[in-house]
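For reference, the structure is listed below as structure tokens.
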Amino acid sequence: LMIRRPPRSTPSNSSAASDVYKRQISACLAQQNLLEFISVVTNPKRVLNPLSTDEALEKINSYISSNIRIISPLPTTIFTFHYLIQIYPAIRERIFDVYLAATAFDNNVGRICTFNIRHLKNILSLEVKTPEEVILLESE
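Numbering (my numbering), first residue to last: 222 to 361.
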């Protein structure tokens, strides 16, 4: 399971998000997720109360120092990305999402947890679920 960040409209005290982010479910984060997090939370055009870069890095450190596995693109990820872009030309405008999917595939991650499933749901062999759906699946 790879976790993507919640959108601004998602309450931080959501029980499903809380369970996933507290590591009660086996999960990993991609380096790309951490970079996107910094980009969003420090941008006054994207959040009401942006963090300073130091504050954002401090929050990132809590993930890095936790038990959550951080995955990185592998040398083969560019080839996986190239393959996916050719198969799914309709999602070219979501280039970073496709690269995230390629990183997941190359790291043997078959499920991505995100609050915005529409960006990734059309990629075959990749299971895309909301945190609430993941909680239900894991509790069965």
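Note that CB positions come from ideal geometry on N, CA and C, so glycine has one too.
Quiz prompt | Which of helix, strand or coil DSSP assigns to Leu358 | solution = helix
Exercise. With a floor of 3 residues, list each beta strand (DSSP E) that falls wholly inside the region 291-358, ordered by position along the chain.
Key: Runs of the beta strand (DSSP E) inside the region 291-358: 332-334, 348-350.
Self-check item: Identity of the residue in Lys280, Tyr320, Asn282, Ile281 nearest Ile299 by Cα
Solution: That would be Tyr320, whose Cα lies nearest to the Cα of Ile299.
Quiz item: Which one of Thr351, Tyr309, Ser346 has the shortest CA to CA distance from Ala325?
Solution: If we check each option's Cα against that of Ala325, Ser346 comes out closest.
Quiz prompt | Burial state of Phe302, where buried means 16 or more other Cβ atoms lie within 10 Å | solution = buried
Exercise. Decide if Thr274 is buried, meaning its Cβ has at least 16 other Cβ atoms within 10 Å, or exposed.
Key: exposed
Quiz item: Does the Cβ-Cβ distance between Ile285 and Ala251 come in under 7 Å?
Solution: Between Ile285 and Ala251, the gap from beta carbon to beta carbon reaches 7 Å or more.
Exercise. Identify the continuous alpha helix (DSSP H) that holds Leu250 and give its terminal residues.
Key: Looking at the DSSP string, Leu250 is not in any alpha helix (DSSP H); the run it does join, the beta strand (DSSP E), is 249-251.
Exercise. Would you tell me roughly how many angstroms separate the C-alpha atoms of Arg332 and Glu348, rounded to the nearest one?
Key: 4 Å
Quiz item: Under 7 Å, do Leu341 and Ala322 count as touching if we go by C-beta distance?
Solution: yes
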